[in-house]
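Colleague: For reference, the structure I am asking about is given below.
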Ligand code: ADP
């Protein structure tokens with residue numbers, strides 16, 4: 004492509020584009036960028052990139068050209084706030100590529116996408132999560148108090164007065180004690196569920212480490228049932244919270260062990276790239292499986308397909324798992340054949356490969 008075409012590709016592109024020098028001066032802008040930022044082209048060309056930024060974001064491009072030179076990067080993706088001329092703050096997803104001169108990054112091409120409404124939705128969601136967490140904390144505290152009294156007096160009755168009760172009386176009283184215990188467990192589960200909705204700290208960790216952590220956590224029941232794990236060597240580096248993702252694997256592994264068939268459990272983890280920087284992970288077992296009519300219900304808080312007498316549990320594990328994956332901006336779904344086994348699939352973001 005020659006000069007005029009390249010110029011048109013920059014000027015007429017529907018993507019807002021800005022060229023910034025190594026020192027942060029704005030060298031070029033197209034009409035879409037002027038429109039997005041609400042600033043005239045001539046004025047923008049006399050500005051520095053920092054003039055468009057919030058004070059706490061000043062210097063956000065500093066050192067980026069060196070980064071391109073040192074690491075031979077093709078592009079860099081970031082999110083950035085801009086202050087429009089009418090003082091409204093907008094969020095942009097910014098793709099940064101180096102404009103090279105004699106093989107060296109001399110300036111940066113910024114390609115902007117307005118993600119303000121997405122950010123507002125995320126902030127609202129975050130606020131909702133915090134409100135929900137606060138509500139659950141208060142409700143749990145208020146519920147626990149009378150429950151402790153019920154459980155305490157019922158146990159006292161059993162200890163001191165069981166000789167005055169017949170078999171039915173003892174049975175009724177132990178039902179009261181067991182129900183109080185189950186309710187305590189449910190309150191703890193609800194608290195755990197609400198914590199799983201907390202903002203995800205932006206961490207980075209090898210997926211294999213989280214899987215190993217989960218495997219260790221289920222070790223006792225895995226050994227008891229003579230389970231065999233198949234875990235691939237080639238696993239990506241994930242963006243997110245390691246202990247939360249370890250919790251996801253722990254929940255899935257312990258379900259595979261709990262809902263096993265007569266054969267020793269065989270649990271297979273697979274991981275493959277799906278779209279750009281997204282990997283699809285799966286955990287497959289050879290257990291009892293379930294009817295796909297319930298494929299959505301099992302992810303709902305306290306929903307179970309079995310009674311507590313058949314299999315212990317409160318029905319919170321998959322709800323927590325789903326919440327953690329969604330906080331990592333992933334998706335989770337399942338496929339199962341009764342009597343053959345189940346596979347739980349989910350997606351996670353990986354660290355971009357250079
Ligand atoms: P819990 O195991 O405490 O009931 P979960 O939320 O982990 O809670 O699971 C919800 C329901 O989904 C379970 O009661 C079970 O019926 C079904 N389920 C989950 N994992 C499996 C599995 N690997 N195989 C068969 N059924 C499963």
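Numbering (this note's numbering), first residue to last: 4 to 357.
Beta carbons are placed, not taken as given, at the ideal position from N, Cα and C, and that holds for glycine.
Tell me the rounded alpha-carbon separation between residue 18 and residue 52.
Modeller: One-based indexing of the chain shown puts residue 18 at position 15. One-based indexing of the chain shown puts residue 52 at position 49. About 18 Å.
Colleague: Let me know the secondary structure DSSP gives residue 102 once reduced to three states.
Modeller: Along the chain shown, read from residue 1 onward, the residue named residue 102 stands at position 99. Residue 102 falls in the strand class under three-state DSSP.
Colleague: Just to confirm, is the Cβ distance from residue 116 to residue 96 under 7 Å?
Modeller: Along the chain shown, one-based indexing puts residue 116 at 113. Along the chain shown, one-based indexing puts residue 96 at 93. The answer is yes: Cβ separation under 7 Å.
Colleague: Can you tell me which of 279, 352, 77, 262 puts its alpha carbon nearest to the alpha carbon of residue 224?
Modeller: Taking the chain shown and counting its residues from 1, the one referred to as residue 224 is at position 221. Closest by alpha carbon: 262.
Colleague: Any idea what DSSP makes of residue 208, helix, strand or coil?
Modeller: Your numbering for residue 208 matches position 205 in the chain shown. Note: residue 208 maps to strand in three-state DSSP.
Colleague: Is there a Cβ from chain D that is less than 7 Å from the Cβ of residue 197?
Modeller: The displayed structure is made up of one protein chain only, and chain D is not part of it.
Colleague: Can you tell which of 127, 339, 198 has the C-alpha that lies nearest to the C-alpha of residue 138?
Modeller: Indexing the chain shown from 1 puts residue 138 at position 135. Taking only the C-alpha atoms, the option nearest residue 138 is 198.
Colleague: For the stretch 168-209, which segments carrying the beta strand (DSSP E) assignment without a break, of at least 3 residues, lie completely within its bounds, in sequence order?
Modeller: 207-209
Colleague: Name the residue from 79, 69, 315, 303 whose alpha carbon lies nearest to the alpha carbon of residue 185.
Modeller: Translated into positions along the chain shown, residue 185 becomes position 182. Closest by alpha carbon: 315.
Colleague: Determine the closest residue to residue 278 out of 59, 188, 354, with distance taken between C-alpha atoms.
Modeller: Here residue 278 refers to the residue found at position 275 when the chain shown is read from its first residue. It is 354.
Colleague: Taking 6 Å as the limit between beta carbons, can you name the residues of its chain near residue 210, skipping five residues before and five after?
Modeller: Locating residue 210 in the chain shown gives position 207, counting from the first residue. These residues qualify, in order along the chain: 238, 239, 241.
Colleague: If I follow the unbroken beta strand (DSSP E) through residue 275, where does it start and stop?
Modeller: Locating residue 275 in the chain shown gives position 272, where the first residue counts as 1. Per DSSP, residue 275 belongs to the beta strand (DSSP E) from 269-276.
Colleague: DSSP three-state call for residue 164: helix, strand or coil?
Modeller: Within the chain shown, residue 164 is the residue found at index 161, counting from 1. DSSP places residue 164 in helix when its eight states are reduced to three.
Colleague: Starting from residue 63, follow its DSSP beta bridges and name the residues at the other end.
Modeller: Translated into positions along the chain shown, residue 63 becomes position 60. Answer is none; residue 63 lacks a bridge partner.
Colleague: Taking 6 Å as the limit between beta carbons, can you name the residues of its chain near residue 359, skipping five residues before and five after?
Modeller: It is not possible to answer for residue 359, since the shown part of the chain is limited to 4 through 357.
Colleague: Can the beta-carbon of residue 143 be found less than 7 Å from the beta-carbon of residue 112?
Modeller: Position 140 of the chain shown, counted from the first residue, corresponds to residue 143. Position 109 of the chain shown, counted from the first residue, corresponds to residue 112. Not closer than 7 Å, so no.
Colleague: From residue 272 to residue 328, what distance separates their C-alpha atoms?
Modeller: By one-based count along the chain shown, residue 272 stands at place 269. By one-based count along the chain shown, residue 328 stands at place 325. Computed Cα separation, rounded: 16 Å.
Colleague: For residue 280 and residue 274, what's the separation of their Cα atoms in angstroms?
Modeller: Reading the chain shown from its first residue, position 277 is the one you call residue 280. Reading the chain shown from its first residue, position 271 is the one you call residue 274. Rounded to whole angstroms, residue 280 to residue 274 spans 13 Å at the Cα level.
Colleague: Look up residue 139 in the DSSP assignment and say whether it is helix, strand or coil.
Modeller: Numbered from 1 along the chain shown, position 136 holds the residue referred to as residue 139. Residue state, collapsed to three classes: helix.
Colleague: Spatial neighbours of residue 170 within its chain, please: CB distance less than 8 Å, with the 5 preceding and 5 following residues excluded, ordered by chain position.
Modeller: Reading the chain shown from its first residue, position 167 is the one you call residue 170. Correct list: empty, nothing qualifies.
Colleague: Please determine whether the Cβ atom of residue 258 lies at a distance below 6 Å from any heavy atom of the ligand PLP.
Modeller: Within the structure as shown, the ligand PLP is missing, the only ligands being the ligand ADP.
Colleague: Inspect the beta-carbon positions of residue 251 and residue 151 and report whether they are closer than 7 Å.
Modeller: Translated into positions along the chain shown, residue 251 becomes position 248. Translated into positions along the chain shown, residue 151 becomes position 148. Contact flag unset, no.
Colleague: Using 7 Å as the threshold, is the C-beta distance between residue 8 and residue 40 below it?
Modeller: For the purposes of this step, residue 8 is taken as residue 5 along the chain shown, with counting starting at 1. For the purposes of this step, residue 40 is taken as residue 37 along the chain shown, with counting starting at 1. Not a contact, by the Cβ cut-off of 7 Å.
Colleague: Which one of 206, 249, 79, 268 has the shortest CA to CA distance from residue 233?
Modeller: Along the chain shown, read from residue 1 onward, the residue named residue 233 stands at position 230. Residue 268 is the option with its Cα nearest to residue 233.
Colleague: Taking the alpha carbon of residue 59 as the reference point, which residue from 312, 92, 175, 270 has its own alpha carbon closest?
Modeller: By 1-based counting over the chain shown, the position of residue 59 is 56. That would be 92, whose Cα lies nearest to the Cα of residue 59.
Colleague: For residue 339 and residue 276, I'd like the C-alpha separation in whole angstroms.
Modeller: In the chain shown, the residue the question calls residue 339 occupies position 336. In the chain shown, the residue the question calls residue 276 occupies position 273. Roughly 22 Å separates the two Cα atoms.
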